[in-house]
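Visitor:
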Amino acid sequence: MSPVSRARKKNPQPAAHSVNGLFKDVLRDFSGLAAEPGPFDVELLASEVLGQWWDLAIEGDAEGGEQLGLELIAFAQRKITPGAAALLAALKVVAETEEERTAAADALGVVLGRGIPEPEWAASVGQVTVGECWRTGDVYGDESSLLCVFSRGDATLGLLALLDFTERGRVRDLVVIDAPIEVLTEMRAQAAEDAELVVLDKIEPADAHRLLVDGIAETDGMEEPEVGADYARFHAIALTWCRALPEPSASLEVEEWAPARREAAVDEFVAASGLEEREIARLLVDHGCETEPANPLRVGPEKLARFLEALLGGEYELEDEDALAPVVLAWAAWAGAREGLSEVAVAALVADVTEYLEEYLAEEPDEDEPNDYLDGTESPEEVLAVVERRRFAVPSLNTVIGDEELTDLDPGDPEQRRLLVIGEHPEYHESLADDSFDGEPRLHLALKTTLVDQLWDDSPEEVWPAALRLAERGLSRDEVLGELVAVLEGQLEETGEDRLDYDLDGYREALEQV
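Here the working numbering is used: the first residue of the sequence shown is 1, the next is one more, and so on.
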């Protein structure tokens, strides 16, 4: 969200060591308001206080957060002080639930009945004039920044919200801006400078109301939403100012796509792309229906990145992973053209998705470094096959030899790769340092190391297909390697000086017979 440099700065709050201590600190903050504070300052202070309760809700204790708000109101009601009146006058408007606002209004009546005067600014809290609303974001529609301008007298502030349409249009962050006109000027400059990839539109306040209220509700309904640092602070004031925005004329009804409609979209893609792979295309449609039901086929780099993350997290089952890269790249180009994106935008989209695919296909299921299995020269279509082959050859980057634990070895280094092979044979560890280690054990270890090197380098290229054929018969990795070592041993030839070599042509023919 930009520019955060102009966001309202947070006033440091004293540390509280108990609930009552926290409540006293809150009353002290409101007692410390200037004699004639601006209503904006009152609203911002109240919002910061309530943001602490929202933090409890985001940690899974929504009822506890609301209960603390009600307890704070009850605490203030028992105090006969101007600070209590100021707090309650603010909360009767800014509090986030109707129950809290009603309780604050009732408590304020009690405090005022004891002779404490109502703050002069009380009637102005929440009474703002709505100005222009602007929305800017990438041309794909993954994210947007929504700027709404509000004024009261000579004072003007802006509310800037970051909307994420890859997650049902939820609000990721909220910031109150001191200089909204300057922010709008920067938005216009960015849109003019990068018109191919950035859009800026003035929208109706009623549409801004829908985007904000629905987006905040979507975020608040999540179990553990990831939000920006200012979201909680400005949560209450955003909802307060939203009530000043006109209500949308009608609720936006989103019709769920039936299976037949989803299949029709897959048919359209298959016909346009010439790819017969339907499984991945159907998953892309289903992902769109789940995350963006209003526009399932919209495409953008972040939306496709979230799709790959869902695959990696096991949210979707994928039978044919080999087809993933070509299908996703074709989908990006097809859906981008279908949305009417420019050639520049489509090219940028495909470039971003290519990078995401490389990261996805290189991702490890364990703690090993993903790039340890790659040279950095593979195309997205090649990455998966390379990682699968090399991970079969070297399934772990950690090993133990004798009493020494070796971690994070580099499998691309032949010497470190040899250590990983040795680590798989603890029966040889004691005798390896002895000059007497020779004969069949030494030969077997040397042949297995040679075979692992061949799998890593894919040379000769007949080794890996032979390994796959053996694995398809139900053999374990150790059994596969044992069979292939026997094939290699059958081609050994003495070359003099106690050295062994093998007949490469004969070896290749033997591998093809496996």
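All C-beta atoms, glycine included, are put in the ideal place defined by N, C-alpha and C.
Which runs of the alpha helix (DSSP H) spanning at least 4 residues fall entirely within the region 110-158, listed in chain order?
Guide: Entirely contained in the region 110-158, not one alpha helix (DSSP H) run reaches 4 residues.
Visitor: Is the separation between the beta-carbon of Pro-180 and that of Gly-153 shorter than 8 Å?
Guide: Residue mapping note: residue 180 aligns to position 180 of the sequence shown, counting from 1. Residue mapping note: residue 153 aligns to position 153 of the sequence shown, counting from 1. Cβ atoms of Pro-180 and Gly-153: not closer than 8 Å.
Visitor: What residues in its chain sit with their C-beta under 8 Å from that of Phe-40, if we drop five residues either side in the sequence?
Guide: Looking up residue 40 in the sequence shown gives position 40. Taken in chain order, the residues that qualify are Arg-152, Ala-155 and Leu-157.
Visitor: Where does Val-42 fall in DSSP's three states?
Guide: Locating residue 42 in the sequence shown gives position 42, counting from the first residue. If DSSP states are grouped into helix, strand and coil, Val-42 belongs with the helices.
Visitor: Would you mind reading off the limits of the beta strand (DSSP E) that contains Ile-80?
Guide: Position 80 of the sequence shown, counting from 1, holds the residue named residue 80. It is not in any beta strand (DSSP E) - Ile-80 carries neither H nor E in the DSSP assignment.
Visitor: Which word fits Glu-204, buried or exposed, when buried means at least 16 other C-beta atoms lie within 10 angstroms of its C-beta?
Guide: Translated into the one-based positions of the sequence shown, residue 204 becomes position 204. With fewer than 16 Cβ atoms within 10 Å of its Cβ, Glu-204 is classed as exposed.
Visitor: What distance in whole Å lies between the Cβ atoms of Leu-504 and Pro-460, which are believed to be in contact at a cut-off of 8 Å?
Guide: On the sequence shown, position 460 is the one that residue 460 refers to. On the sequence shown, position 504 is the one that residue 504 refers to. About 7 Å separates the two Cβ atoms, so the contact holds.
Visitor: Enumerate, from N- to C-terminal direction, the unbroken alpha helix (DSSP H) stretches of 4 or more residues contained entirely within the region 279-358.
Guide: For the region 279-358, whole alpha helix (DSSP H) runs of length 4 or above, ordered along the chain, are 279-291, 301-312 and 324-338.
Visitor: Smallest Cα separation from Asp-352: which of Glu-120, Pro-293, Lys-79 and Leu-197?
Guide: As a position in the sequence shown, residue 352 is number 352, starting the count at 1. It is Leu-197.
Visitor: What do you get for Gly-215, buried or exposed, if any count of 16 or more other CB atoms within 10 angstroms of its CB means buried?
Guide: Counting from one through the sequence shown, the residue named residue 215 turns up at place 215. Answer is buried; the Cβ neighbour count reaches 16.
Visitor: Which residues in the same chain as Val-514 place their Cβ atom closer than 8 Å to its Cβ, once the five residues preceding and following it in sequence are excluded?
Guide: Counting from one through the sequence shown, the residue named residue 514 turns up at place 514. Ala-466, Arg-469, Leu-470, Glu-483, Leu-484 and Val-487.
Visitor: In three-state terms, what does DSSP make of Asp-194?
Guide: Counted from its first residue, the sequence shown places residue 194 at position 194. Note: Asp-194 maps to coil in three-state DSSP.
Visitor: Quick one: what does DSSP say Thr-399 is sitting in, helix, strand or coil?
Guide: Translated into positions along the sequence shown, residue 399 becomes position 399. The answer is strand: DSSP assigns Thr-399 an E or B state.
Visitor: Does DSSP put Leu-254 in a helix, in a strand, or in coil?
Guide: Looking up residue 254 in the sequence shown gives position 254. Inspection of the sequence shows that residue 254 is occupied by Val rather than by Leu. Coil at Val-254, not helix or strand.
Visitor: Looking at the secondary structure, which residues open and close the alpha helix (DSSP H) in which Leu-245 lies?
Guide: Reading the sequence shown from its first residue, position 245 is the one you call residue 245. Note, Leu-245: premise wrong, no alpha helix (DSSP H); not H, not E.
Visitor: Could you pull the start and end residues of the beta strand (DSSP E) that Leu-275 belongs to?
Guide: For this step, residue 275 is matched to residue 275 along the sequence shown. From DSSP, Leu-275 is part of no beta strand (DSSP E); its letter is neither H nor E.
Visitor: Kindly list the residues whose CB is nearer than 8 Å to the CB of Val-128, restricted to its own chain and excluding five residues on each side of it in sequence; keep chain order.
Guide: Counting from one through the sequence shown, the residue named residue 128 turns up at place 128. Excluding sequence neighbours, Val-128 sits near Phe-150, Ser-151, Arg-152, Trp-241 and Ala-244.
Visitor: Measure how close the beta-carbons of Pro-411 and Arg-417 come, nearest whole angstrom, since I'm counting them as under 8 Å.
Guide: What you label residue 411 is simply residue 411 of the sequence shown in a count that begins at 1. What you label residue 417 is simply residue 417 of the sequence shown in a count that begins at 1. At roughly 5 Å, the Cβ-Cβ gap stays under 8 Å, so Pro-411 and Arg-417 are in contact.
Visitor: Expressed to the nearest angstrom, what Euclidean distance is found between the alpha-carbon atoms of Ser-124 and Val-42?
Guide: Here the question's residue 124 lines up with position 124 in the sequence shown. Here the question's residue 42 lines up with position 42 in the sequence shown. Between Ser-124 and Val-42, the C-alpha separation is close to 10 Å.
Visitor: If we ignore side chains and look at the alpha-carbon of each, how far apart do Gly-109 and Glu-48 end up?
Guide: Here residue 109 refers to the residue found at position 109 of the sequence shown. Here residue 48 refers to the residue found at position 48 of the sequence shown. Their Cα atoms are separated by approximately 24 Å.
Visitor: Output the boundary residues of the beta strand (DSSP E) element that contains Asp-173.
Guide: Within the sequence shown, numbered from 1, the residue matching residue 173 stands at position 173. 170-177 is the extent of the beta strand (DSSP E) around Asp-173.
Visitor: If you compare alpha carbons, which of Gly-126, Leu-44, Trp-334 and Thr-219 is closest to Asp-164?
Guide: Locating residue 164 in the sequence shown gives position 164, where the first residue counts as 1. Of the candidates Gly-126, Leu-44, Trp-334 and Thr-219, the one whose C-alpha sits nearest the C-alpha of Asp-164 is Thr-219.
Visitor: Looking at the structure shown, is Asp-503 part of a helix, part of a strand, or coil, going by DSSP?
Guide: Along the sequence shown, one-based indexing puts residue 503 at 503. Coil, per DSSP.
Visitor: My output table needs one value for Val-199: the three-state DSSP class, helix, strand or coil.
Guide: Start at 1 with the first residue of the sequence shown, and residue 199 comes out as number 199. Reduced to three states, the DSSP call for Val-199 is strand.
Visitor: Return helix, strand or coil for Glu-405, following the three-state DSSP convention.
Guide: Position 405 of the sequence shown, counted from the start, is the residue given in the question as residue 405. The answer is strand: DSSP assigns Glu-405 an E or B state.
Visitor: Go through its chain and collect everything with a Cβ distance to Asp-194's Cβ below 7 Å, but skip five positions before and after it.
Guide: Within the sequence shown, the letter at position 194 stands for residue 194. Cβ within range, chain order: n/a, list empty.
Visitor: With burial defined as no fewer than 16 other Cβ atoms inside 10 Å of the residue's Cβ, what is the status of Lys-92: buried or exposed?
Guide: Sequence index remark: in the sequence shown, residue 92 carries index 92 (1-based). Lys-92 should be labelled buried.
Visitor: Taking just the CA atoms, how far does Val-299 sit from Gly-336?
Guide: The sequence position of residue 336 within the sequence shown is 336, counting from 1. The sequence position of residue 299 within the sequence shown is 299, counting from 1. Distance between the alpha carbons of Gly-336 and Val-299 is about 6 Å.
Visitor: In three-state terms, what does DSSP make of Leu-33?
Guide: Here residue 33 refers to the residue found at position 33 when the sequence shown is read from its first residue. If DSSP states are grouped into helix, strand and coil, Leu-33 belongs with coil.
Visitor: Okay, do the region 268-276 and the region 97-109 touch, 3+ Cβ pairs below 8 Å being the bar?
Guide: With a cut-off of 8 Å, the region 97-109 and the region 268-276 do not count as touching, because too few Cβ pairs lie within range.
Visitor: Please name the residue in Glu-315, Leu-357, Gly-340 and Val-344 whose C-alpha comes closest to that of Pro-326.
Guide: Residue numbering aside, residue 326 sits at position 326 when the sequence shown is read from its first letter. Pro-326 has its Cα closest to that of Leu-357, out of Glu-315, Leu-357, Gly-340 and Val-344.
Visitor: From the DSSP secondary-structure annotation, give me the bridge partner or partners of Leu-160.
Guide: Counting from 1 along the sequence shown, the entry for residue 160 is found at position 160. According to DSSP, which records beta bridges pairwise, Leu-160 is partnered with Leu-147 and Val-175.
Visitor: Would you grab the beta carbon distance between Val-266 and Val-285 for me? Rounded to a whole angstrom, and I think it's under 8 Å.
Guide: Residue numbering aside, residue 266 sits at position 266 when the sequence shown is read from its first letter. Residue numbering aside, residue 285 sits at position 285 when the sequence shown is read from its first letter. Confirmed, Cβ separation roughly 6 Å.
Visitor: Exposed or buried, which one is Arg-261 when buried takes at least 16 other CB atoms within 10 Å?
Guide: Position 261 of the sequence shown, counted from the start, is the residue given in the question as residue 261. Under this definition Arg-261 is an exposed residue.
Visitor: Would you check if the region 172-191 and the region 110-118 touch, i.e. whether three or more CB-CB distances between them fall below 8 Å?
Guide: Output reads no: the region 172-191 does not touch the region 110-118.
Visitor: Straight-line CA distance for Asp-458 to Thr-185?
Guide: Against the sequence shown, residue 458 aligns to sequence position 458. Against the sequence shown, residue 185 aligns to sequence position 185. Distance between the alpha carbons of Asp-458 and Thr-185 is about 57 Å.
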